[in-house]
Amino acid sequence: MSSPVEQITVVSSDGDEFKMTVAAAMQSEQLKQMLTDDSISIVKVPVENISTEILVKVIEYCQKHADHEAATKANGGGASDSEAEELNKWDAEFMKVDVEDKLFHILMAANYLEIKGLFDLACQTVADLIKGKTPKQIRKIFNLKNDFTPEEQERLSRQHNCSFD
Amino acid sequence: MDNMLCDELLQEIFMKLPPSSSSSVSLVSKRWLSLFRSSRTSLSLRLLPPFPGVASLCSLLSDHSSLSSLSLFLSSDSAATAASTDSAVSDYILAAVSSCCPRLRALRFMSGPVSLSSLNSLSTACTRLTSLCINLPRPISLRWVLSFPSLRELAITWSSGGQEIDPSNQLEVWESDEIGTELGLQSLCLVGIRRDDWGVGWLWSSCKKLKKLRLQSCQGIGGPYSSFVQCLQNLEEVELRTCRSVIDGVLFHLAENCQFLNSLLVYDGGSRDGLLYFFSHCRSNLQKLDLRLPLDLNNDHLSAMASKLRGLLSLRLQNCCLVTGEGLKLLGTSGASSGLEELALINCDVVERESGLLATLGQHLRQLRKLDLSHNELLLDKEFISMSVSCTHLSDLKLRGCKGLTNAAIVAVLRSCKFLENVDIMHCGGIESEAIEVFVEKCPKLRRINVEENKLSDEAKTWASNRFIEVVV
Numbered sequence: 083m084s085s086p087v088e089q090i091t092v093v094s095s096d097g098d099e100f101k102m103t104v105a106a107a108m109q110s111e112q113l114k115q116m117l118t119d120d121s122i123s124i125v126k127v128p129v130e131n132i133s134t135e136i137l138v139k140v141i142e143y144c145q146k147h148a149d150h151e152a153a154t155k156a157n158g159g160g161a162s163d164s165e166a167e168e169l170n171k172w173d174a175e176f177m178k179v180d181v182e183d184k185l186f187h188i189l190m191a192a193n194y195l196e197i198k199g200l201f202d203l204a205c206q207t208v209a210d211l212i213k214g215k216t217p218k219q220i221r222k223i224f225n226l227k228n229d230f231t232p233e234e235q236e237r238l239s240r241q242h243n244c245s246f247d
Numbered sequence: 096m097d098n099m100l101c102d103e104l105l106q107e108i109f110m111k112l113p114p115s116s117s118s119s120v121s122l123v124s125k126r127w128l129s130l131f132r133s134s135r136t137s138l139s140l141r142l143l144p145p146f147p148g149v150a151s152l153c154s155l156l157s158d159h160s161s162l163s164s165l166s167l168f169l170s171s172d173s174a175a176t177a178a179s180t181d182s183a184v185s186d187y188i189l190a191a192v193s194s195c196c197p198r199l200r201a202l203r204f205m206s207g208p209v210s211l212s213s214l215n216s217l218s219t220a221c222t223r224l225t226s227l228c229i230n231l232p233r234p235i236s237l238r239w240v241l242s243f244p245s246l247r248e249l250a251i252t253w254s255s256g257g258q259e260i261d262p263s264n265q266l267e268v269w270e271s272d273e274i275g276t277e278l279g280l281q282s283l284c285l286v287g288i289r290r291d292d293w294g295v296g297w298l299w300s301s302c303k304k305l306k307k308l309r310l311q312s313c314q315g316i317g318g319p320y321s322s323f324v325q326c327l328q329n330l331e332e333v334e335l336r337t338c339r340s341v342i343d344g345v346l347f348h349l350a351e352n353c354q355f356l357n358s359l360l361v362y363d364g365g366s367r368d369g370l371l372y373f374f375s376h377c378r379s380n381l382q383k384l385d386l387r388l389p390l391d392l393n394n395d396h397l398s399a400m401a402s403k404l405r406g407l408l409s410l411r412l413q414n415c416c417l418v419t420g421e422g423l424k425l426l427g428t429s430g431a432s433s434g435l436e437e438l439a440l441i442n443c444d445v446v447e448r449e450s451g452l453l454a455t456l457g458q459h460l461r462q463l464r465k466l467d468l469s470h471n472e473l474l475l476d477k478e479f480i481s482m483s484v485s486c487t488h489l490s491d492l493k494l495r496g497c498k499g500l501t502n503a504a505i506v507a508v509l510r511s512c513k514f515l516e517n518v519d520i521m522h523c524g525g526i527e528s529e530a531i532e533v534f535v536e537k538c539p540k541l542r543r544i545n546v547e548e549n550k551l552s553d554e555a556k557t558w559a560s561n562r563f564i565e566v567v568v
């Protein structure tokens, strides 16, 4: 039986090392699997496709949510409405990244590490970016090329105008 | 950034988009169009003449490979269009659906009547169909239901128009062949059965597992009552809308045969005697009652409810102008209502006429969670407040169209009802922006408010945004 671990170290793709508390690491299903498997003794976990910049953000999210969970448990289980509201506000601020690029990287990191809360949050943030925008604006955000011919575009627009809801 | 997000991630994002974004997303690029369509599990189409050809419709439906739920509305351009043309169009479109959407679980097909052979094709192709809403021709023929073994919800409309059928020509012979069939149907909605229609009897006697029944605009039940009673054993919810001619018989048999009925809705067509019989003899423990009966509901019925019912949870009365305070007080203070959680008195002028009624009701219904007093235009602050001071546990409050209420009402509600989450004060001319602003700021548990946009000050909008309150304008 290995001695109880209080912290683990994660290594970004740039080679930088970061310490995470176990509670924070448990926010990630991937890391949780490793931690709860007694046969693996953890020293350092490399996360090859996550850069330092993104990893810092991800760890910040995990720590905040782990702290919130611990506080809720201490209060006897039910999160009060104001605390839930506060966490939502924190999440909203957290997702205000300067460049959309960062947002996609965070989404992919959350997907890779299986952090459900962050994954849903990032998906919703990207969806909010798309909401209410024209195709042209969306293409600009995602840096995509319009590969429809004018006739195809015309036909699709007509379909959408009279038949879709 | 090009192609950074893999297909699955993109589809996860699409799932979080509202329907209004679908046209923009589809026009971004071919990859997005294809991923978006294949990620959608439900689709709603309105087709206008000239209707799309089979090829283009099939191509569209096949792109939506994950589709499990489809609603199709075929609009006709003129009422003069012959029913037979409608039928041909409906048939070929239904055929396209059958061939392109084999995984469909739910289909709503609102069009002209479809032929029975189209239904047969549908049953062979879409074997997982659990919910079907369809329009059928006369004469009534229901044997095809047997070919949809997974069906749990069925809604059929027989539209008006079409020839009168001579009842003696009906195929009663095959009905007796089907005795002993048991269908898995749990929910049934039938619209437009005419007085002389026949052929539903077999369906009644085969639906022993029926839990929910809705009849709309029916002048008859399409079969003998001896068959009808066979589907009543396990019935839990019944809705009868605009079925004046048949309601006596139905209510009688419901009272006699249902033991598990917990929800009844009767709109726009009742019968004083039928209702009285039902309420006096009903053996079930009715929990939800929703009545819109301007001509038929009176104090006798309320009195019968008061003595017979035990565990009423929800009572909704709309446009019931024959009811007086005496009847309501009797019901409201009786043991029947001691557990009442939801009360709606919508456009019931008794609430405006009789002062003190709401106060009495409030005192006896302190545990009320939902209150709806919409469209009582003459309702005064004093009356409303006398009720709200007692009903401190309210979570839902609707006062739509209560033009007589002023800011005082909102101020009082803020003081007494600390658990309010959903509030509707649309069209309340007397309630002004300042009061609404304070309300949005201070109401502790508010989650959602329905109010006109021009009554929301900028401060109110800021408060709503900061507190994550949904504003419906």
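Heads up: the sequence lines are chains A and B, in that order.
According to the working numbering, the first sequence is numbered sequentially starting from 83.
According to the working numbering, the second sequence is numbered sequentially starting from 96.
Beta carbons: idealized from backbone N, C-alpha and C, even for Gly.
Quantities reported herein were computed from a predicted structural model and do not represent experimental measurements.
Evaluate residue 170 (chain B) with the Cβ neighbour count: other Cβ atoms within 10 Å of its Cβ, from every protein chain shown; 16 or more gives buried, anything less gives exposed. Counting of Cβ neighbours within 10 angstroms places residue 170 (chain B) among the exposed residues, the total staying below 16.
Report yes or no: is there a C-beta of chain B within less than 7 Å of the C-beta of residue 216 (chain A)? Output row for residue 216 (chain A): interface = yes.
Does DSSP classify residue 172 (chain A) as helix, strand or coil? Looking at residue 172 (chain A) - three-state DSSP - the assignment turns out to be helix.
Taking Cβ positions only, does residue 229 (chain A) come closer than 7 Å to chain B? Yes - at least one Cβ of chain B is within 7 Å of the one on residue 229 (chain A).
Which of the residues in the segment 108-121 of chain B, read from start to end, lie with their CB under 7 Å from any CB of chain A? From the segment 108-121 of chain B, only 108, 111, 112, 113, 114, 116, 117, 118, 119, 120 and 121 have a Cβ closer than 7 Å to chain A.
State buried or exposed for residue 402 (chain B), treating a residue as buried only when at least 16 other CB atoms are found within 10 Å of its CB. With fewer than 16 Cβ atoms within 10 Å of its Cβ, residue 402 (chain B) is classed as exposed.
Residue 387 (chain B) by DSSP, collapsed to three states: which one? For residue 387 (chain B), the secondary structure class from DSSP, reduced to helix, strand or coil, is strand.
Return the first residue and the last residue of the beta strand (DSSP E) that residue 286 (chain B) is part of. 282-286 is the extent of the beta strand (DSSP E) around residue 286 (chain B).
Proximal residues, the segment 189-208 of chain B versus chain A, C-beta separation under 7 Å: Per Cβ criterion, the list is empty.
Beta-carbon proximity list for residue 104 (chain A), same chain, < 8 Å, skipping 5 on both sides: Cβ within range, chain order: 87, 88, 89, 90 and 117.
Does any residue of chain B bring its CB to less than 7 Å from the CB of residue 69 (chain A)? Residue 69 (chain A) is absent from the structure shown; chain A starts at 83 and stops at 247.
Rounded separation between residue 210 (chain B) and residue 190 (chain B) - CA only: Residue 190 (chain B) has its alpha-carbon roughly 11 Å from the corresponding atom of residue 210 (chain B).
Residue nearest to residue 220 (chain A) in terms of C-alpha spacing, selected from B:324, B:117, B:199 and B:412: Of the residues B:324, B:117, B:199 and B:412, the one whose Cα lies closest to the Cα of residue 220 (chain A) is B:117.
Identify which residue in B:566, B:417 and B:304 has its Cα closest to the Cα of residue 331 (chain B). Restricting attention to B:566, B:417 and B:304, the CA atom closest to the CA of residue 331 (chain B) is found in B:304.
Reference residue 394 (chain B); option with closest CA among B:404, B:421 and B:435: Considering only alpha carbons, the answer is B:421.
3 or more residues per run - each beta strand (DSSP E) lying fully within the segment 122-210 of chain A: Runs of the beta strand (DSSP E) lying entirely within the segment 122-210 of chain A and spanning at least 3 residues, in chain order: 126-128.
Of the residues that make up the segment 128-159 of chain A, which ones have a beta carbon closer than 9 Å to any beta carbon in chain B? Cβ contacts with chain B: none found.
Pairwise C-alpha distance: residue 153 (chain B) and residue 137 (chain B): Computed Cα separation, rounded: 16 Å.
Where do the N-terminal and C-terminal ends of the alpha helix (DSSP H) with residue 561 (chain B) fall, by residue? Element bounds for residue 561 (chain B): 553-561.
Would you call the CB atoms of residue 328 (chain B) and residue 289 (chain B) closer than 7 Å? Cβ atoms of residue 328 (chain B) and residue 289 (chain B): not closer than 7 Å.
Give every residue of the same chain whose Cβ lies closer than 8 Å to the Cβ of residue 470 (chain B), excluding the five residues on either side of it in the sequence, and list them in chain order. The beta carbon of residue 470 (chain B) lies closer than 8 Å to those of 441, 442, 495, 496 and 497 in the same chain, with the five residues before and after it left out.
With a threshold of 7 Å between beta carbons, is residue 188 (chain A) in contact with chain B? Judged by the 7 Å Cβ criterion, residue 188 (chain A) is not in contact with chain B.
How long is the line joining the alpha carbons of residue 95 (chain A) and residue 194 (chain A), rounded to whole angstroms? Here the alpha carbons of residue 194 (chain A) and residue 95 (chain A) stand approximately 13 Å from one another.
Three-pair Cβ contact test at 8 Å for the segment 168-181 of chain A versus the segment 226-236 of chain A: Flag = no, the segment 168-181 of chain A and the segment 226-236 of chain A do not touch.
Opposite residue 565 (chain B) in the DSSP bridges: which residues? According to the DSSP secondary-structure assignment, residue 565 (chain B) is paired through a beta bridge with B:543.
7 Å Cβ cutoff met for residue 555 (chain B) and residue 535 (chain B): Between residue 555 (chain B) and residue 535 (chain B), the C-beta gap is smaller than 7 Å, which places the two residues in contact.
Beta carbon of residue 209 (chain A), beta carbon of residue 112 (chain B): below 7 Å? Result yes, Cβ atoms of residue 209 (chain A) and residue 112 (chain B) sit closer than 7 Å.
Own chain partners of residue 132 (chain B) with C-beta closer than 6 Å, once the 5 adjacent residues on each side are dropped: Taken in chain order, the residues that qualify are 158 and 159.
Which residue wins for smallest C-alpha separation from residue 207 (chain B), given the options B:185, B:193 and B:220? Restricting attention to B:185, B:193 and B:220, the CA atom closest to the CA of residue 207 (chain B) is found in B:185.
Measure the Cβ-Cβ separation of residue 376 (chain B) and residue 350 (chain B) and say whether it is below 7 Å. Taking a C-beta distance under 7 Å as the contact criterion, residue 376 (chain B) and residue 350 (chain B) qualify as a contact pair.
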